[in-house]
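Peer 1: Take this structure first; my questions come after.
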Amino acid sequence: MDTARLRVTIFERSGIAIDEHDPIMAVLVASAHQTEEIGARLLRRMSPVRIVVAVAITGLVFATAGSLVTWRVEQRLFAVERADWMRQQSDPRREALLRSGQGMAALALAESGVAEMLAKCNGRRSWRIEDGYCVPATPDGKPDGFKAVDRQVRIDAGT
0 MDTARLRVTI
10 FERSGIAIDE
20 HDPIMAVLVA
30 SAHQTEEIGA
40 RLLRRMSPVR
50 IVVAVAITGL
60 VFATAGSLVT
70 WRVEQRLFAV
80 ERADWMRQQS
90 DPRREALLRS
100 GQGMAALALA
110 ESGVAEMLAK
120 CNGRRSWRIE
130 DGYCVPATPD
140 GKPDGFKAVD
150 RQVRIDAGT
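Sequential numbering of the sequence shown, starting at 0, is according to numbering that gives the first Met the number 0.
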């Protein structure tokens, strides 16, 4: 072991200057040799296969823990959403509305996708309504105006 290098390292890290003939240097050199010997023994015991297996097992443990935590959080969120949905379904006003003729018609429109289409084209300048249908932009690709007879609203394409 190079004592000059050891003394420089001690001085850089602690600010203490040690003479090379100081009895503490013998203790420090012996300690450094022991540390190197222990490190070399540990490296001889650990093969690359063992290191890979240890890293893989550690990764598996952390991935499993993360998955379990995520699963628990999602189950709690699902339980909250389900409770909210059940509370909404137990609302007598909503139930009466869904049993009415208008409610059944609204459900039929929603299931067929018509309600969503009407909601999307409502007020868009790139769509127009003709005979109750949403019609997209003109064939040349330019946005068309919007005119609904029942509302008496006219929006020109340029504005």
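For glycine and all other residues, C-beta sits at the position ideal for the given N, C-alpha and C.
Are the CB atoms of A16 and R6 nearer to each other than 9 Å?
Peer 2: Within the sequence shown, numbered from 1, the residue matching residue 16 stands at position 17. Within the sequence shown, numbered from 1, the residue matching residue 6 stands at position 7. Between A16 and R6, the gap from beta carbon to beta carbon is short of 9 Å.
Peer 1: Can you look up V152 in the DSSP assignment and give me helix, strand or coil?
Peer 2: Along the sequence shown, one-based indexing puts residue 152 at 153. Low local confidence applies: a pLDDT of 45 at V152 is under 50, so the model's placement there is unreliable, and no value is given.
Peer 1: Quick check: the Cα distance between M45 and R86, rounded to an integer number of angstroms?
Peer 2: As a first step, residue 45 is located in the sequence shown; it is residue number 46 there, counting from the start. As a first step, residue 86 is located in the sequence shown; it is residue number 87 there, counting from the start. Computed Cα separation, rounded: 60 Å.
Peer 1: Give every residue of the same chain whose Cβ lies closer than 8 Å to the Cβ of M103, excluding the five residues on either side of it in the sequence, and list them in chain order.
Peer 2: Taking the first residue of the sequence shown as position 1, residue 103 is located at position 104. So the qualifying residues of the chain are L97.
Peer 1: If V28 sits next to T2, beta carbons under 8 Å apart, how far is it from one beta carbon to the other, in whole angstroms?
Peer 2: Along the sequence shown, one-based indexing puts residue 28 at 29. Along the sequence shown, one-based indexing puts residue 2 at 3. That pair is a contact at about 6 Å.
Peer 1: Using the three-state DSSP reduction, which class does G38 fall into: helix, strand or coil?
Peer 2: Within the sequence shown, numbered from 1, the residue matching residue 38 stands at position 39. Correct three-state label for G38: helix.
Peer 1: Along the alpha helix (DSSP H) that carries G112, what are the first and last residues, could you check?
Peer 2: The count along the sequence shown starts at 1 and reaches residue 112 at position 113. Neither: G112 is in no alpha helix (DSSP H) and is coded neither H nor E.
Peer 1: Measure the C-alpha to C-alpha separation of A82 and R71 and round it to an integer number of angstroms.
Peer 2: Along the sequence shown, one-based indexing puts residue 82 at 83. Along the sequence shown, one-based indexing puts residue 71 at 72. A82 and R71 have their C-alpha atoms roughly 16 Å apart.
Peer 1: Expressed to the nearest angstrom, what Euclidean distance is found between the alpha-carbon atoms of S66 and V60?
Peer 2: Looking up residue 66 in the sequence shown gives position 67. Looking up residue 60 in the sequence shown gives position 61. Straight-line Cα distance between these residues: approximately 10 Å.
Peer 1: Could you tell me the distance, in whole angstroms, from the CA atom of E73 to the CA atom of G100?
Peer 2: By one-based count along the sequence shown, residue 73 stands at place 74. By one-based count along the sequence shown, residue 100 stands at place 101. Whole-angstrom Cα-Cα distance: 37 Å.
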